[in-house]
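**Q** No gaps in the numbering here: position 602 of the sequence shown is 602 in UniProt numbering, and each next residue is one more. Could you have a look at this structure, given as structure tokens, before my questions?
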Amino acid sequence: MTTATETHKETLGFQTEVKQLLQLMIHSLYSNKEIFLRELVSNAADAADKLRFEALTNPGLLEGDGSDLRVRISCDAQARTITIDDNGIGMSREEAIAHLGTIAKSGTADFLAHLSGDQKKDANLIGQFGVGFYSAFIVADRVDVYSRRAGLPASEGVHWSSAGQGDFEVATIDKPQRGTTIVLHLKEDEAGFADPWRLRGIVKKYSDHIALPVELPRQQATGADADKPAEPEWETVNRASALWTRPKSEIQDEEYREFYKHISHDFSDPLAWSHNKVEGKLEYTSLLYVPAHAPFDLYHRDAAKGLKLYVQRVYIMDQADQFLPLYLRFIKGVVDSSDLPLNVSREILQKGPVIDSMKSALTKRALDMLEKLAKDKPDQYATFWKEFGQVLKEGPSEDYANREKIAGLLRFASTKSGTDAQEVALADYVARMVQGQDKIYYLTGESYAQVKDSPHLEVFRKKGIEVLLLTDRIDEWLMQYLTEFDGKAFVDVARGDLDLGALESEEDKKAQEAAAKDKENLINRLKQALGEDVSEVRISHRLTDSPAILAIGEGDMGLQMRQLLEASGQKVPEAKPVFEFNPTHPLIERLDAETDEDRFGDLSRVLFDQAALAAGDSLKDPAGYVRRLNKLLLDLAR
Numbered sequence: 001m002t003t004a005t006e007t008h009k010e011t012l013g014f015q016t017e018v019k020q021l022l023q024l025m026i027h028s029l030y031s032n033k034e035i036f037l038r039e040l041v042s043n044a045a046d047a048a049d050k051l052r053f054e055a056l057t058n059p060g061l062l063e064g065d066g067s068d069l070r071v072r073i074s075c076d077a078q079a080r081t082i083t084i085d086d087n088g089i090g091m092s093r094e095e096a097i098a099h100l101g102t103i104a105k106s107g108t109a110d111f112l113a114h115l116s117g118d119q120k121k122d123a124n125l126i127g128q129f130g131v132g133f134y135s136a137f138i139v140a141d142r143v144d145v146y147s148r149r150a151g152l153p154a155s156e157g158v159h160w161s162s163a164g165q166g167d168f169e170v171a172t173i174d175k176p177q178r179g180t181t182i183v184l185h186l187k188e189d190e191a192g193f194a195d196p197w198r199l200r201g202i203v204k205k206y207s208d209h210i211a212l213p214v215e216l217p218r219q220q221a222t223g224a225d226a227d228k229p230a231e232p233e234w235e236t237v238n239r240a241s242a243l244w245t246r247p248k249s250e251i252q253d254e255e256y257r258e259f260y261k262h263i264s265h266d267f268s269d270p271l272a273w274s275h276n277k278v279e280g281k282l283e284y285t286s287l288l289y290v291p292a293h294a295p296f297d298l299y300h301r302d303a304a305k306g307l308k309l310y311v312q313r314v315y316i317m318d319q320a321d322q323f324l325p326l327y328l329r330f331i332k333g334v335v336d337s338s339d340l341p342l343n344v345s346r347e348i349l350q351k352g353p354v355i356d357s358m359k360s361a362l363t364k365r366a367l368d369m370l371e372k373l374a375k376d377k378p379d380q381y382a383t384f385w386k387e388f389g390q391v392l393k394e395g396p397s398e399d400y401a402n403r404e405k406i407a408g409l410l411r412f413a414s415t416k417s418g419t420d421a422q423e424v425a426l427a428d429y430v431a432r433m434v435q436g437q438d439k440i441y442y443l444t445g446e447s448y449a450q451v452k453d454s455p456h457l458e459v460f461r462k463k464g465i466e467v468l469l470l471t472d473r474i475d476e477w478l479m480q481y482l483t484e485f486d487g488k489a490f491v492d493v494a495r496g497d498l499d500l501g502a503l504e505s506e507e508d509k510k511a512q513e514a515a516a517k518d519k520e521n522l523i524n525r526l527k528q529a530l531g532e533d534v535s536e537v538r539i540s541h542r543l544t545d546s547p548a549i550l551a552i553g554e555g556d557m558g559l560q561m562r563q564l565l566e567a568s569g570q571k572v573p574e575a576k577p578v579f580e581f582n583p584t585h586p587l588i589e590r591l592d593a594e595t596d597e598d599r600f601g602d603l604s605r606v607l608f609d610q611a612a613l614a615a616g617d618s619l620k621d622p623a624g625y626v627r628r629l630n631k632l633l634l635d636l637a638r
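This is the structure:
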């Protein structure tokens with residue numbers, strides 16, 4: 001494309017991060033070079049979608065008969081150029097500078113932060129971070145962009161040009177047609193891309209599912225003396241129909257995978273998808289995907305998320321977050337409704353019975369998809385859990401109606417798993433419960449290494465009872481909302497006065513009562529020695545090998561939650577632990593026989609501090625602990 005005159009021409013510099021990115025592109029960091037065409041065609045499709053949306057309230061943007069939106073690709077082997085032309089929304093001068101030259105719109109900083117040095121993995125990040133346009137510099141040593149935003153006069157077109165060397169030129173031009181034309185001046189060793197048959201193959205491979213027609217000339221001249229028709233005959237080379245509107249029986253798995261990559265800018269295949277058409281009181285079509293990898297902003301709860309929304313096949317918005325709860329923010333896909341008004345806005349979408357009904361149904365559909373993945377492909381579900389498990393754990397607090405369904409999808413480590421891998425489903429735990437067990441037992445802690453040998457587990461190992469080991473930072477908070485599963489209540493083995501119910505024999509209960517009565521004097525002495533640091537002292541039903549533990553009061557906050565709140569700078573309510581001791585342990589028997597009250601106090605404090613360390617807590621007076629321990633060691637050495 002040539003321009004007769006250029007006015008208001010200026011040279012501007014890329015932001016620092018964009019310069020770094022361009023250097024990576026120019027020096028061929030990426031091995032999958034075909035991605036440049038996929039990204040530029042996807043951008044053209046997005047421009048068409050945005051024009052359709054704005055034209056709902058401003059039909060004049062379509063400029064007469066300009067409602068036939070398309071993208072056209074042509075090439076010139078002799079000139080070594082590829083041209084991608086669309087008649088979408090286009091860009092103003094200010095938008096061209098903002099979108100193509102600065103960090104504000106590109107997400108380049110996050111892209112650079114996630115580079116690993118692996119060419120294949122790094123190539124997968126292009127587009128996912130909004131840097132798809134810059135992929136043009138993989139094959140081109142100069143890129144010219146000619147654009148005019150719909151609604152602006154022809155005299156306010158813009159010409160953006162750069163060789164990717166740190167700056168770009170921008171000028172005002174006359175451009176009769178709205179939309180954007182990108183001309184890639186190919187590097188000498190990339191001239192092979194200026195081949196119409198190769199371009200057709202790339203379009204069929206990556207962009208066949210795009211609803212926008214992608215057109216190439218039916219005949220392509222190849223020589224300087226070839227007769228070039230004044231107006232080439234254009235031929236659509238992709239299906240040019242919305243994939244989600246086609247019958248499932250007509251869609252190949254590979255098409256589903258490529259469509260996912262188009263809407264998510266992810267180069268990895270999805271783990272699962274669900275394509276459904278709902279008819280009746282509500283009419284809509286949904287196509288939902290489960291990604292294989294977590295996006296970089298997964299834990300930014302206010303980051304952009306949601307489904308791509310269409311109404312009667314008219315694009316409305318990219319991230320409609322009203323159709324899925326926040327704990328399913330990793331789900332990608334499309335929803336196309338016939339029941340929402342065409343002038344739908346973000347404000348209207350925030351509430352209403354139609355939206356609520358669709359959200360409920362789509363949430364159930366997403367959970368069903370995860371259930372099917374867990375049942376049919378456990379290895380792939382393990383991949384999903386590793387990437388998204390902590391986000392799914394937010395579900396029970398946000399979605400009471402589906403709490404049981406979400407609980408069935410959760411995975412944990414346990415005393416039976418033998419590793420820190422979170423692979424135990426609650427249904428499997430219930431199936432393995434011993435005779436007489438009617439509760440699900442769990443223990444929270446900072447790490448698997450800390451909890452797997454916890455003294456709190458001793459009685460459970462003795463009786464062969466499985467205990468779930470919860471070590472994610474969110475777990476204690478989760479268990480405040482996940483109170484039961486399959487009619488079985490959850491019980492924290494470190495909390496309150498442990499009652500094993502039918503799992504304890506009458507002989508065990510009588511022995512405990514006798515021990516408590518026999519050790520009344522020791523209990524009173526320990527209360528006096530430990531003073532205000534404990535809320536209670538009692539005989540332990542949990543211990544078989546260790547001398548003492550610290551239990552959490554029934555209504556008190558656990559250690560994991562306390563540490564989480566303290567780390568975030570929040571004030572934590574004061575709570576004192578319960579000191580439990582094993583009356584048959586030799587150290588306790590030695591303590592009970594001690595007649596020197598000062599020595600008794602030192603021994604009691606050492607046992608208290610050791611119990612705190614075993615629970616994963618830090619000592620309030622580590623120097624005092626060391627001093628008492630050294631004193632006891634010296635007494636033994638005499």
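Even glycine gets a Cβ: it sits at the ideal position worked out from N, Cα and C.
If you run the structure through DSSP and keep just helix, strand and coil, what is Ala567?
**A** Note: Ala567 maps to helix in three-state DSSP.
**Q** When burial is assigned at 16 or more other CB atoms within 10 Å of the CB, is Glu574 buried or exposed?
**A** By the neighbour-count rule (16 or more Cβ atoms within 10 Å), Glu574 is not buried but exposed.
**Q** Report the residue ranges of all beta strand (DSSP E) runs contained in full by the segment 172-216; include only those spanning at least 3 residues, in chain order.
**A** Runs found: 179-186.
**Q** Between the alpha carbons of Arg473 and Asp598, how many angstroms are there, rounded?
**A** About 40 Å.
**Q** Would you call His275 buried or exposed, if buried means 16 or more other Cβ atoms sit within 10 Å of its Cβ?
**A** So His275 counts as buried.
**Q** The alpha helix (DSSP H) that contains Ala45, what's its start and end?
**A** Per DSSP, Ala45 belongs to the alpha helix (DSSP H) from Ile35 to Thr57.
**Q** Using the C-alpha atoms, what's the distance from Arg627 back to Leu526?
**A** Spanning the two alpha carbons is a distance of roughly 20 Å.
**Q** With 16 as the cutoff for other CB atoms within 10 Å, does Ala79 come out buried or exposed?
**A** It is exposed - the Cβ of Ala79 has fewer than 16 other Cβ atoms within 10 Å.
**Q** Please state if the CB of Ile35 and the CB of Ser135 are separated by a distance shorter than 8 Å.
**A** Closer than 8 Å, so yes.
**Q** Just how far apart, CA to CA, sit Ala259 and Gly306?
**A** Residue identity differs from the one stated: residue 259 is Phe in this sequence, not Ala. Rounded to whole angstroms, Phe259 to Gly306 spans 16 Å at the Cα level.
**Q** Please check the pair Ile73 and Ile89, which I expect to be a contact at CB under 8 Å, by giving their CB distance rounded to whole angstroms.
**A** That pair is no contact at about 19 Å.
**Q** Going by beta carbon distance, what residues of the same chain come within less than 6 Å of Gln450, once the five residues before and after it are set aside?
**A** Closer than 6 Å at the Cβ level, and outside the excluded window around Gln450, lie Gly616.
**Q** By alpha-carbon positions, which one of Leu587, Leu216, Ser568 and Glu39 ends up nearest to Thr544?
**A** Looking at the Cα atoms, Leu587 is the closest of the given residues.
**Q** Taking 8 Å as the threshold (C-beta atoms), are Ile549 and Ala614 in contact?
**A** Contact: yes.
**Q** Can you find at least 3 beta carbon pairs, one from the segment 416-431 and one from the segment 497-505, that sit closer than 8 Å?
**A** No, because fewer than three Cβ pairs between the segment 416-431 and the segment 497-505 fall closer than 8 Å, the two stretches do not touch.
**Q** List the endpoints of the continuous beta strand (DSSP E) containing His159.
**A** Where His159 is concerned, the enclosing beta strand (DSSP E) stretches over Gly157 to Ser162.
**Q** Once you ignore the five residues that flank Ala427 on each side, which residues in its own chain have a CB closer than 7 Å to its CB?
**A** Correct list, in chain order: Gly408.
**Q** What does residue 663 pair with, by DSSP beta-bridge criteria?
**A** As shown, the chain starts at 1 and ends at 638. That puts residue 663 outside it, with no answer to give.
**Q** Taking just the CA atoms, how far does Leu287 sit from Val334?
**A** Val334 and Leu287: Cα-Cα distance of roughly 5 Å.
**Q** By the three-class DSSP mapping on this structure, what secondary structure does Asp598 have?
**A** Asp598: helix per DSSP, three-state reduction.
**Q** Taking the beta strand (DSSP E) that Gly13 falls in, what are its first and last residues?
**A** Element bounds for Gly13: Glu6 to Gly13.
**Q** What residue range is occupied by the uninterrupted alpha helix (DSSP H) comprising Tyr310?
**A** Not the alpha helix (DSSP H): Tyr310 falls in the beta strand (DSSP E), residues Leu307 to Val311.
**Q** Please identify the residue among Thr245, Ser337 and Leu298 whose C-alpha is closest to the C-alpha of Gly280.
**A** For the residues Thr245, Ser337 and Leu298, the minimum Cα distance to Gly280 belongs to Ser337.
**Q** Which same chain residues end up closer than 8 Å to Glu6 when comparing Cβ atoms and leaving out the 5 residues on each side of it in sequence?
**A** Hits under 8 Å: His159, Ala171, Thr172 and Ile173.
**Q** Considering Cα atoms alone, identify which of Ile465, Asp368, Thr584 and Arg605 is closest to Ala529.
**A** It is Arg605.
**Q** Mapping DSSP to helix, strand and coil, what is Tyr441?
**A** Strand at Tyr441.
**Q** Name the DSSP beta bridge partners of Ser447, please?
**A** BP columns for Ser447 are empty, so no partner.
**Q** CB-CB under 8 Å to Thr81, same chain, minus the five flanking residues each way: which ones, in chain order?
**A** For Thr81, where only same-chain residues beyond five positions count, the Cβ hits under 8 Å are Cys75, Val183, Leu184, His185, Leu186 and Ala194.
**Q** Can you grab the Cα-Cα spacing for the pair His265 / Thr285, in whole Å?
**A** Cα to Cα, the separation comes out at about 22 Å.
**Q** In three-state terms, what does DSSP make of Asp144?
**A** It is a strand residue.
**Q** Between the alpha carbons of Phe412 and Asp167, how many angstroms are there, rounded?
**A** Distance between the alpha carbons of Phe412 and Asp167: 52 Å.
**Q** Output yes or no for whether 8 Å exceeds the beta carbon distance between Glu235 and Leu212.
**A** No, these two residues do not count as a Cβ contact at 8 Å.
**Q** Please classify Tyr327: is it buried, with 16 or more other beta-carbons within 10 angstroms of its beta-carbon, or exposed?
**A** Buried, because 16 or more other Cβ atoms sit within 10 Å of the Cβ of Tyr327.
**Q** Is the segment 469-489 in contact with the segment 393-404, if contact means three or more CB pairs nearer than 8 Å?
**A** The segment 469-489, when compared against the segment 393-404, does touch it at the 8 Å Cβ threshold.
**Q** Apart from the five residues on each side of it in sequence, which residues of its chain come closer than 7 Å, Cβ to Cβ, to Phe388?
**A** Answer for Phe388: Ala294 and Phe330, listed in chain order.
**Q** Identify whether Asp621 lies in helix, strand or coil by the three-state DSSP scheme.
**A** Coil, per DSSP.
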